[in-house]
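There are 2 protein chains.
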Amino acid sequence: MYNNLYNNLVVIGGNTSGLAAASQARRINPDLNITVLESGKYISYGSCSLPYFISGYVKKVDDLFTYPKDFFEQKRNIKILTGHRVVGIDTSKKELLVNVSQDRENRIIEYDKLIISSGGTTIIPDIPGIDSLNVFQFRNVEDAENLKNFIDSNNPKKAVVIGGGAIGMLLVEAFNKIGIKTTVVERKERIYNEFEYEISTILSRKAEMDGVDILTKTSITSVNTDSGQNTVTIEDAGGKKDLECDLVLLATGVSANTGFLADTSIELGINGTIKVDNKLQSSHMNIYASGDCATIKNIVTGKQDHIPTANNAVKTGRIAGENAAGGNKVFNGSVRTVVDKVLDLEIASTGIGSKEAVSLGYDAIKLIDGFSSHAGSVPGAKKIAIIIIVDTASRKLLGAQMIGGEGVGKRIDVFATAITGEMTVDDIYMLDLSYAPAISTVWDPVNKICGKAVLALDSKNV
Amino acid sequence: MYNNLYNNLVVIGGNTSGLAAASQARRINPDLNITVLESGKYISYGSCSLPYFISGYVKKVDDLFTYPKDFFEQKRNIKILTGHRVVGIDTSKKELLVNVSQDRENRIIEYDKLIISSGGTTIIPDIPGIDSLNVFQFRNVEDAENLKNFIDSNNPKKAVVIGGGAIGMLLVEAFNKIGIKTTVVERKERIYNEFEYEISTILSRKAEMDGVDILTKTSITSVNTDSGQNTVTIEDAGGKKDLECDLVLLATGVSANTGFLADTSIELGINGTIKVDNKLQSSHMNIYASGDCATIKNIVTGKQDHIPTANNAVKTGRIAGENAAGGNKVFNGSVRTVVDKVLDLEIASTGIGSKEAVSLGYDAIKLIDGFSSHAGSVPGAKKIAIIIIVDTASRKLLGAQMIGGEGVGKRIDVFATAITGEMTVDDIYMLDLSYAPAISTVWDPVNKICGKAVLALDSKNV
């Protein structure tokens, strides 16, 4: 037992959300004993930058770290215990069962208040050969180091990436940069499947132009390393076939890392996330949860959702930390804003898509158009495509998606702000957005697409 | 007289706002006779791109035009008359007195509805020598051509730019690029004087690093070309002195181009702008006004203002055109969003500054901080500085200003949207903004500066 004081706050997870929680708890309450338990070797790294370590754009693993352990221990008086994996919780005794990497037996660590920020975990398909040495996950620094070491030692020429979401495609980009020929195997209809068809198709074509093979409606049935020749067996409507590959990367989606709660009465929700209220409190009064392992209220749908973004991780962490330390802050939720820069394209989304709008019962219209990222008189303008989804009844914006060569990331934020502010397309059409020839067009694309929606709605109502 | 039909819409001004008005009137009403009177030779050009024509970044004057005359005449059935300068209005007879460049006598042109989109005009200081051949204004294509021809023929080495606002500094950038050594003479305390001190100081230092001389609290008292040696006489607290210069550029501010209304009963407001209501209607029922020559409601102050931006020009033009053609649209106003890209810095503003907040009676706080434009793990991040002005009582954002190497233009739009939506800093702090390492930091700078405001307000209220 590390200590026995009453004000014992333990945080499970030493990355973005857990450290945001611990730091905010310290700001609120200087007297608390705060301990962070991290299962891995490293804390405080930028998960989203890991693909750049593979491509060599980020040179050293050290460049991935935001703050060193010392910073938290010395400046913030937060005890950091790496190599401490929580394997069970006794919520009545307020005890954690912790597997410590250098110990033979598990330890017991007590808590008064607990914040679970244990993050996400890659969903591993249950197929033969999935534990082969050339199969990699990609969630944390250790994963990235393993993959980098394998690449440096084995000089692989062909990779199969399982899953065409953001993590998969960012690795595709990294592999492309270092000369590894890549095939993407995607079970669903298309890559970036949560995006509208037109947006993900633009990305798909760019990937193919860059020499990436994309196989959709295709699943992987086994990884084969026995015969000396490494292959994976894939299956689509036409049947099975084998693909040669030196390396398999699993980007098969993320579920909450909450397996260690299986024997507890802590309520779980979507994707194994811990159910929390708007104060980030779980079904147990003294247990909070934040980040990728917690439910998040989707502001547009009003429902509990799983939105594992860094932005949500840091915000919910901060609020969970504040409340666990005696505060009383509310987290209003997320509009599910995401952006990636992949294969020289920025691709971004906020709010809900057209399918989700239909399933929620909205009579929604979908508008799409292409725009120039800045004025044609100034060289270097890039094309951007925008889709918006609008509720016919209220004329409010429900969602927006965008892809293009520049000016996408922070434009999606205007839509995110407008959705949060419950603005109509009439409002957004008339927003006073910035213009200079090198920055935008006189009517910003954000204004223009909403002007198109206004026209469509007006003609619909005639 | 051009025609005598009842439905005679005449638009004064053939640039952004006038053409937006004429085009929207045509969309609304296919039967209207629409005539646009433009005093100059050219229509439909990007005023904001003119400095790039001087620097050579835009090669040909043709690249500055958005649409040709034929487009309006043939596709939109709008008659375009260039070289037609309106010199007087008889509002009771509904007649315009028009000076036509190729005619000896003025013509009368009748209207049923009139839209005045006559734009702005450079404020010319009343000093000896101001009409010298080496003194230039810079409002339209003719001005830009004159300046370019002078530069090409005379190879000037030294320029004095009178006025350190946006137009002045964009010309400074252009002169710098083509090797003309420039001195800026600014009457007020600093360049970009409408910005907060800290922001304009960053720009000022960059300009000085780039070899530009900046003289503030200095006015020009005469332009001297008699002695063979061209000079300007300037005056500051220390007295008068002469500056050698081959070229003088007047960037002395813009007033509404409404001198031709002097003998009418059309009501004028700030800076000579035509007073309009929220339907862009002037004090005369059948006369509308839009763009740089019209008042605009400032959404933050609630007052009539003069906000001569391209964005406002095109929006008010469209609404004036719609209403003059029988529509009934409302323009809610502007939050005064501006952005410029000058000397490799983006500088932007929205809402009101700290001085204006004080003068309006707000108990406001001002927050300033520096941020990285994107994650440090990805090379190429630039510094950005942000200032926000917040009303202590309501916690609402009143204004934001920003300067930096990238990611400023569209970030100011998030603030502009938030101000329009009357969001508090608490709301903005928690906005779900996009993050990817190449695009932003996990907490976007927009979130962060508002988080700082939340802390400051909370501690103030303790």
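The listed protein sequences correspond, in order, to chains A and B.
Just so we're aligned: 163 in the working numbering is position 163 of the first sequence, and the numbers increase by one with no gaps anywhere.
Just so we're aligned: 361 in the working numbering is position 361 of the second sequence, and the numbers increase by one with no gaps anywhere.
Cβ coordinates follow ideal geometry from the N, Cα and C atoms, glycine included.
Note that the structure is predicted; figures quoted are calculated from it, not measured.
- Rounded C-alpha distance that separates Phe-53 of chain A from Thr-121 of chain A: Here residue 53 of chain A refers to the residue found at position 53 of the first sequence. Here residue 121 of chain A refers to the residue found at position 121 of the first sequence. Taking the straight line from one Cα to the other gives about 20 Å.
- Beta carbon proximity, Val-339 of chain B to chain A, threshold 7 Å: What you label residue 339 of chain B is simply residue 339 of the second sequence in a count that begins at 1. So, interface residue.
- Message: Let me confirm a value: Val-358 of chain A is counted as buried when at least 16 other C-beta atoms fall within 10 Å, else exposed. Which label applies?
- Response: In the first sequence, the residue the question calls residue 358 of chain A occupies position 358. The residue in question, Val-358 of chain A, is exposed, as its Cβ has fewer than 16 Cβ neighbours within 10 Å.
- Query: Using Cβ-Cβ distances below 7 Å, what residues of the region 386 to 415 of chain A are close to chain B?
  - Reply: From the region 386 to 415 of chain A, only Gly-407, Gly-409, Lys-410, Arg-411, Ile-412, Asp-413 and Val-414 have a Cβ closer than 7 Å to chain B.
- Message: Between which residues of its own chain and Arg-190 of chain A is the CB-CB distance below 8 Å, once the five residues before and five after are set aside?
- Response: Start at 1 with the first residue of the first sequence, and residue 190 of chain A comes out as number 190. Only Gly-164, Tyr-197, Ser-200, Thr-201, Ser-204 and Thr-216 meet the Cβ criterion.
- Query: Whole-angstrom Cβ separation of Ile-274 of chain B and Ile-34 of chain B, contact assumed at under 8 Å?
  - Reply: On the second sequence, position 274 is the one that residue 274 of chain B refers to. On the second sequence, position 34 is the one that residue 34 of chain B refers to. 20 Å between Cβ atoms; not a contact.
- Task: Using a Cβ cut-off of 9 Å, pull out every chain B residue sitting near Asp-63 of chain A, in sequence order please.
- Result: The count along the first sequence starts at 1 and reaches residue 63 of chain A at position 63. Contact of Asp-63 of chain A with chain B by beta-carbon distance below 9 Å involves Gly-376 and Ser-377.
- Message: Taking beta-carbon pairs under 7 Å, can you tell me which members of the region 428 to 443 of chain B lie near chain A?
- Response: Listed by position along the chain: Met-430, Leu-431, Asp-432, Leu-433, Ser-434, Tyr-435, Ala-436, Pro-437, Ala-438, Ile-439, Ser-440, Val-442 and Trp-443.
- Going by beta carbon distance, what residues of the same chain come within less than 8 Å of Arg-463 of chain B, once the five residues before and after it are set aside? This structure cannot settle anything about residue 463 of chain B, because the visible part of chain B is limited to 1 through 462.
- In chain A, which residues lie less than 8 Å from Ala-348 of chain B when you measure between Cβ atoms? In the second sequence, counting from the first residue as 1, residue 348 of chain B sits at position 348. Those within 8 Å of Ala-348 of chain B in chain A are Ser-434.
- Helix or strand or just coil, what does DSSP make of Val-223 of chain A? By 1-based counting over the first sequence, the position of residue 223 of chain A is 223. Correct three-state label for Val-223 of chain A: strand.
- With DSSP as the reference, label Met-1 of chain B as helix, strand or coil. Within the second sequence, residue 1 of chain B is the residue found at index 1, counting from 1. With a pLDDT of 37 at Met-1 of chain B, under the threshold of 50, the modelled position of this residue cannot be trusted; read the value that follows with caution. Coil at Met-1 of chain B, not helix or strand.
- Between the Cα of Thr-252 of chain A and those of A:Ser-55, A:Asp-126, A:Asp-432 and A:Asn-99, spot the shortest distance and give me the residue it belongs to. For this step, residue 252 of chain A is matched to residue 252 along the first sequence. For Thr-252 of chain A, the closest alpha carbon among the candidates A:Ser-55, A:Asp-126, A:Asp-432 and A:Asn-99 is that of A:Asp-126.
- Under 7 Å between beta-carbons, which chain B residues line up against Lys-315 of chain A? List them in chain order, please. Counting from 1 along the first sequence, the entry for residue 315 of chain A is found at position 315. Per Cβ cutoff of 7 Å: Met-430.
- Message: I'd like to know whether the C-beta atoms of Pro-128 of chain B and Ser-222 of chain B end up nearer to each other than 7 Å.
- Response: Within the second sequence, numbered from 1, the residue matching residue 128 of chain B stands at position 128. Within the second sequence, numbered from 1, the residue matching residue 222 of chain B stands at position 222. Remark: C-beta atoms of Pro-128 of chain B and Ser-222 of chain B approach each other more closely than 7 Å.
- Task: Could you confirm whether any beta carbon from chain A is found closer than 7 Å to the beta carbon of Cys-48 of chain B?
- Result: For the purposes of this step, residue 48 of chain B is taken as the residue at position 48 of the second sequence. Taking CB atoms only, Cys-48 of chain B has a neighbour in chain A less than 7 Å away.
- With 16 other CB atoms within 10 Å as the buried threshold, where does Leu-133 of chain A fall? Position 133 of the first sequence holds residue 133 of chain A. Counting Cβ neighbours within 10 Å, Leu-133 of chain A comes out exposed, since fewer than 16 surround it.
- Task: Count the CB pairs spanning the region 395 to 407 of chain B and the region 417 to 432 of chain A that are closer than 8 Å, and state whether there are at least three.
- Result: No, the region 395 to 407 of chain B does not touch the region 417 to 432 of chain A.
- Item | Short-range partners of chain B found in the region 295 to 314 of chain A, where Cβ spacing is below 9 Å | Residues of the region 295 to 314 of chain A with a C-beta atom less than 9 Å from some C-beta of chain B are Ile-299, Ile-307, Thr-309, Ala-310, Asn-311, Asn-312, Ala-313 and Val-314, listed in chain order.
- Query: For Glu-95 of chain B, which of helix, strand or coil comes out of DSSP?
  - Reply: For the purposes of this step, residue 95 of chain B is identified with residue 95 of the second sequence, where counting begins at 1. In the three-state scheme derived from DSSP, where H, G and I count as helix and E and B as strand, Glu-95 of chain B is classed as strand.
- Message: Please classify Lys-240 of chain B as buried or exposed, where buried requires at least 16 neighbouring CB atoms within 10 angstroms.
- Response: Taking the second sequence and counting its residues from 1, one reaches residue 240 of chain B at position 240. Taking all protein chains in view, the Cβ of Lys-240 of chain B is surrounded by fewer than 16 other Cβ atoms within 10 Å, so the residue is classified as exposed.
- Which value, in whole angstroms, describes the spacing of the CA atoms of Leu-243 of chain B and Pro-51 of chain B? Along the second sequence, one-based indexing puts residue 243 of chain B at 243. Along the second sequence, one-based indexing puts residue 51 of chain B at 51. When rounded, the distance between both Cα atoms is 24 Å.
- Item | Those residues which DSSP pairs with Val-276 of chain A across a bridge | For this step, residue 276 of chain A is matched to residue 276 along the first sequence. Residue pairing by DSSP places Val-276 of chain A in no beta bridge whatsoever.
- Task: Using a Cβ-Cβ cut-off of 7 Å, state whether Val-58 of chain A counts as contacting chain B.
- Result: In the first sequence, the residue the question calls residue 58 of chain A occupies position 58. Yes, because at least one Cβ of chain B sits closer than 7 Å to the Cβ of Val-58 of chain A.
- Task: Just the C-alpha distance for Thr-316 of chain B and Ile-412 of chain B, rounded to the nearest angstrom, thanks.
- Result: Start at 1 with the first residue of the second sequence, and residue 316 of chain B comes out as number 316. Start at 1 with the first residue of the second sequence, and residue 412 of chain B comes out as number 412. Between Thr-316 of chain B and Ile-412 of chain B, the C-alpha separation is close to 21 Å.
- Those residues which DSSP pairs with Ala-364 of chain B across a bridge: In the second sequence, the residue the question calls residue 364 of chain B occupies position 364. According to DSSP, which records beta bridges pairwise, Ala-364 of chain B is partnered with B:Asp-391.
- Item | Neighbour flag for Gly-88 of chain B against chain A, beta carbons, 7 Å | Within the second sequence, residue 88 of chain B is the residue found at index 88, counting from 1. At a cut-off of 7 Å between beta carbons, Gly-88 of chain B makes no contact with chain A.
- Might you give, ordered along the chain, the residues of its own chain that have their beta carbon closer than 7 Å to the beta carbon of Ala-393 of chain A, omitting 5 neighbours on each side? On the first sequence, residue 393 of chain A is found 393 positions in, with the first residue counted as 1. Excluding positions up to five away in sequence, the list reads Asp-363.
- Check the DSSP bridge columns for Met-430 of chain B and list the partner residues they point to. Here residue 430 of chain B refers to the residue found at position 430 of the second sequence. Its beta-bridge partners do not exist; DSSP assigns none.
- Counting contacts by CB-CB distance shorter than 7 Å, is Tyr-2 of chain A in contact with chain B? Looking up residue 2 of chain A in the first sequence gives position 2. Legend: pLDDT at Tyr-2 of chain A = 41, less than 50; position of this residue unreliable, no value from coordinates given.
- Message: For Asn-3 of chain B, which residues in the same chain have their Cβ closer than 6 Å to its Cβ, ignoring the five residues on either side in sequence?
- Response: Stepping through the second sequence from its first residue, residue 3 of chain B is reached at position 3. Because Asn-3 of chain B sits at a pLDDT of 43, beneath the cut-off of 50, its placement in the model cannot be relied upon, and the point is left open.
- Item | Where Gln-229 of chain B falls: helix, strand or coil (DSSP) | Within the second sequence, the letter at position 229 stands for residue 229 of chain B. Correct three-state label for Gln-229 of chain B: coil.
- Query: Which of helix, strand or coil does DSSP assign to Ser-283 of chain A?
  - Reply: Within the first sequence, the letter at position 283 stands for residue 283 of chain A. If DSSP states are grouped into helix, strand and coil, Ser-283 of chain A belongs with coil.
- Query: Measuring CA to CA, which of A:Ser-92, A:Ser-372 and A:Val-98 is closest to Thr-523 of chain A?
  - Reply: This structure does not reach residue 523 of chain A, given that chain A is present from 1 up to 462, and the question cannot be answered.
- Along the beta strand (DSSP E) that carries Lys-240 of chain B, what are the first and last residues, could you check? Locating residue 240 of chain B in the second sequence gives position 240, counting from the first residue. Note, Lys-240 of chain B: beta strand (DSSP E), 239 to 244.
- Task: Starting from the beta carbon of Ile-418 of chain A, find every residue of chain B whose beta carbon is closer than 7 Å, and list them in chain order.
- Result: Position 418 of the first sequence holds residue 418 of chain A. At residue 418 of chain A the sequence reads Ala, which differs from the Ile that was named. Per Cβ cutoff of 7 Å: Thr-417.
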